[in-house]
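Positions 844 to 1478 (the working numbering) are the ones given, in order, by the sequence shown.
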Amino acid sequence: MNISFRGNQDLIRSVEKGSRLLLSEKNLGEIPAMTFLLEESPENAVSSIEKKGDACTIRFQEPAQYFRLFNYALHHSSEDFSLEEKPYFSRRGFMLDCSRNAVAKPGKLKSLVRRLAKMGMNQLFLYMEDTYEVPDYPYFGTYRGRYTREELRDLDKYCALFGIELIPCVQTLAHLHSFLRWHNSEALRDTGDILKVGAEEVYTFIRSLLTSLKSCFSTCSIHIGMDEAHMLGLGNYLRENGYEESSVIIRKHTDKVLELCRETGWTPMMWSDMYITANTGGGYYDVKGDTDTSDWERPPKGLGMVYWDYYNTRKDLYRHMLRGHKALSDRVVFAGGIWNWNGISPNYGKAFCCSRLALDACRQEGIQEVFATGWMDNGAETPINAIWPGLAVFSFLCFHEDLYEEKLRTYFRDCIDAEMEDFLLLDLLDALFKGSGKNLSADNPSKYLLYQDPMLGIFDYHLKDTDTEIYYKTLADKLEVLAASPGEYQEFFRFYYCLALVLSQKAGLGVRIKNAYDARDLSTLKEICGKVIPNILRNLGDMHTSREALWFADAKPFGYELLDIRLGGIQTRLESCRRRLRSFLEGRVEKLEELEQERLPYWELGDANPQDPKAELRENLWDRIISGCDLVDTV
C-alpha cells in the first residue's frame, strides 16, 4: 500500500508504526495511494481530518484521536470529506475480564488493542485477580492461565504503539478465592474470598503483587479493586481481633495499601462501593439527590473513586451517584457495562440503554474518566467477540451526544469489519419474553433452558403459553446465513446458530415430556426418545465443537475444562433422560418420580407474567440451574 506521511516529525514517529500495523490488516482491502499530512492541533481544540483527492490532513493532540481519524480515512478512501470532533472525556477505556476462567491470549488482546485504536479509546484495563505472575508466590494463578511478565511487557509496548495506556486492574482485598483456596495461603485468609486485614503477611504479599506488576507496565495508574468485601472482618479477623466496623477496617487497610502504592510508584484508583455503603448504611445505589455527605468518611486524598453502574435505567440516579462520589473524592471515574455477561448470549438492548443514560449524566456532571467493562461472569460462557456492539456504542458515545443510527452502523463497520445488524440478532436469544432491545430485566433463558434438566423442568412453570420451538427455530434460520458466510466471524455465528437450533427443541423439552407423561401419551414419549433427543444431541455436538474452537482461538486453555464439563453434562443428562423414558415405556418401572414432581415457580412473579417489563427471569449460576440438590456439599 502506497501510504506516505509528511509534516511534524514527532507526530509521525508517535503513530507511524501503529499506522502500518492497521494497514496490514487483511480485512482492509485495496487502499489507493494516499499522503497524510500530520499537524498538532492547539490545546483543547478539536481534532480534524480533511481529504481532497489523495491528500489527507489530520490535526490531533493525542495518538488515540489520530488513529480514529486515520481509520476513517482508510475506510472512506474513495471519498472527499472534512470532519471535526472532540471527545467528551479525556480518558476513555475498556476493561476486559481475564479472571473468570477465560484468560485472553496475547494475540486476541492485540486484536482488541487495534480496534480500540480505531475507536479513539486510549486505555485498556486488564482485570486480573490472580492471573498474572508473582515470582514469590508460585500458587498465585497456578492452573489458571496467568500472564507471564514477558507477555505483559510485550502487550504494554504494543499498546504504546497506538497511544493506549495499559492498566492493571487487580484485587488487594477481596475476590481472591482462587488463590486463597491453596494450603500455603492460610496466613493471608480472613474468609475464603478476603484477605486478613492487618496481618503482616498480607502486606508482604500485596507489596509483591505491586512490585511484580510495576516491572511489567509503563503506566503509573493501577486499579486496586477492593469491591464487594461484604464479609470483611467476619472470619479469622473476627476470631483474632474481635468485632470492628467494616468502615474502620477498610480505612486502615486502604491507608496501608496506599502507602505500599506510593513506595512502589503507583497512582491508584479503587471501586467505590465499600466506601459508599459504609457511609450510607444501605445499598450501593441508595444515594439520593438530597443526601447529606458532610459527615461522610472520605478516602485518602489522591485515591480515585470508581463508580461502577451497569444496571440502572434512570438518568437522575446516575447524577445523584456521581454527585455523591464528587463529595467523596476529587477524582471520580465512571465504569459502565457492555452486558456481554448475561449468560451465554449478550444483552445489547440493556447495554445500549444504560450506556446512553450513564454517559449523558457523566457529560453533564463534568466527569473526565470513563471506561466500559466486559465481565465474563460464571465461567466465560460468552465468546469474547460478543463484546463488539456494546463496546462500539460506549466508544461512539464518548464522541457523540446520542446514538445516530446511520453513523453508528458505518462506525461499527469501519471498526469491527462486520454489520451491526448481524450481531444484533444475538440479542434475540434472551429476548424470549421481553422482545429484542427491551430485555432491561436481563432475562437469560438461553442459558437456563439450555442447562436445565429435562426430567426436572425446574424453570418449566414459566414457559406456559410460550412456543419456544417456533421462536428459536425462526432465529436459527436467520443465523444460519451468517454461519455459512466465510470470514472472521463465521465460527462465532456458527456457535450461536447451533445454540438456537439446540434451543428450538431443548428449551421446551421438559414441558413436552411432562405433558406427555401426565396424559400417558406413549406415542409422544416414543417420538421424544427416537427422534427428538437424538436430533438435539447432534446439534449439541456441533455447538460443543464450535464453542471449543472459539475458546482455543481466543483464550488460554485453562478454564475450558469447566465449560467442557458443563456442555458435556447436557449430553449426559439427555442420554440418561432417554434411558429413563424407555424404562417407563418398556414397563420396567411403573412411574418416573422426577415427572411426578409438581412444577413450581422458580421466581415469585406475583400477578406479573413473564412478558411484564418488571418481571425478572434471570438465573446465571450454573450450579443452581442444573439441580435442586447441592453441587458442593458441606461437611
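All residues carry an ideal CB built from backbone N, CA and C; glycine is no exception.
What residues match up with residue i in a beta bridge as DSSP calls it?
i: S1064; result: T1110
i: F968; result: M938 and I1010
i: F1048; result: Beta-bridge pairing links F1048 to no other residue.
i: Y1161; result: In the DSSP output, where bridge partners are listed per residue, Y1161 has none listed.
i: R902; result: E882 and S891
i: T1212; result: One detail in the question is off: residue 1212 reads as Glu in this sequence, not Thr. Answer is R934 and V1176.
i: Y975; result: Y990
i: A947; result: A1398
i: I962; result: The amino acid at residue 962 is misidentified as Ile; the sequence shows Met. BP columns for M962 are empty, so no partner.
i: F848; result: F879
i: G1217; result: L939
Within this structure, are the beta carbons of residue i and residue j separated by less than 8 Å?
i: L1272; j: M1263; result: no
i: L917; j: T900; result: no
i: L1234; j: A1215; result: yes
i: C941; j: T974; result: yes
i: S891; j: E927; result: yes
i: L1438; j: I1413; result: no
i: R1461; j: A1285; result: yes
i: P981; j: S1055; result: no
i: V946; j: K1399; result: yes
i: C1063; j: W1109; result: yes
i: R1050; j: T1107; result: yes
i: S884; j: Q904; result: yes
i: T1015; j: V1100; result: yes
i: L1053; j: L1004; result: no
i: Y1191; j: W1182; result: yes
i: S1089; j: A1042; result: no
i: M1112; j: G1076; result: no
i: T1034; j: M1069; result: no
i: G1471; j: L1299; result: yes
Determine the DSSP secondary structure at residue i, reduced to helix, strand or coil.
i: V1236; result: helix
i: S925; result: strand
i: T1120; result: helix
i: N1373; result: Sequence inspection shows Gly at residue 1373; the Asn mentioned does not correspond to that position. Of the three classes helix, strand and coil, the one that applies to G1373 here is helix, per DSSP.
i: M1263; result: helix
i: S1328; result: coil
i: M1484; result: Only positions 844 to 1478 of the chain appear in the structure, and residue 1484 is not among them; the question remains open.
i: L1393; result: helix
i: V1149; result: strand
i: R1032; result: strand
i: Y1247; result: coil
i: R1381; result: helix
i: S1021; result: helix
i: G843; result: Here the chain comprises residues numbered 844 to 1478, so residue 843 is not present and cannot be evaluated.
i: L866; result: helix
i: L1038; result: strand
Could you tell me if the beta carbon of residue i falls within a distance shorter than 7 Å of some heavy atom in the ligand ATP?
i: R911; result: Although the ligand ATP was asked about, the structure shown includes no ligands whatsoever.
Alpha carbon to alpha carbon, how far is residue i from residue j?
i: Y1150; j: F1060; result: 24 Å
i: A1326; j: F1335; result: 8 Å
i: N1155; j: Y1161; result: 8 Å
i: F1242; j: V1045; result: 43 Å
i: P1143; j: M1164; result: 19 Å
i: N1228; j: Y1339; result: 12 Å
i: A1396; j: R1431; result: 47 Å
i: G920; j: L1318; result: The sequence as given places Ser at residue 920; Gly does not occur at that position. Roughly 36 Å separates the two Cα atoms.
i: S1366; j: R1423; result: 15 Å
i: D1260; j: N1221; result: 29 Å
i: H1168; j: I1119; result: 8 Å
i: S1238; j: P1189; result: 18 Å
i: V1236; j: S1028; result: 42 Å
i: F1048; j: E976; result: 13 Å
i: A1170; j: G1145; result: 14 Å
i: N887; j: E1008; result: 20 Å
i: V1324; j: S1058; result: 48 Å
i: N1079; j: A1072; result: 14 Å
i: S1198; j: E1212; result: 14 Å
i: Y970; j: E1370; result: 48 Å
Would a check of beta-carbon distances place residue i closer than 8 Å to chain C?
i: G1217; result: The structure shown contains no chain C; it is built from a single protein chain.
field: Three CB pairs or more closer than 8 Å across the segment 1356-1364 and the segment 1192-1211
entry: no
task: Would you be able to state if there are at least three C-beta pairs under 8 Å between the segment 1177-1184 and the segment 1117-1136?
output: no
- prompt: Touch check for the segment 1036-1044 and the segment 990-1007: three-plus C-beta pairs under 8 Å?
  reply: no
- prompt: Quick one: any contact between the segment 1438-1454 and the segment 1304-1313, if contact means 3 or more CB pairs under 8 Å?
  reply: yes
query: Any contact of the segment 1286-1295 with the segment 955-963, i.e. 3+ C-beta pairs under 8 Å?
result: no
- request: Evaluate the contact criterion for the segment 857-865 versus the segment 901-915: three or more CB pairs, one atom per stretch, below 8 Å.
  value: yes
task: For the segment 1216-1225 and the segment 932-940, state whether three or more C-beta atom pairs, one from each stretch, are separated by less than 8 Å.
output: yes
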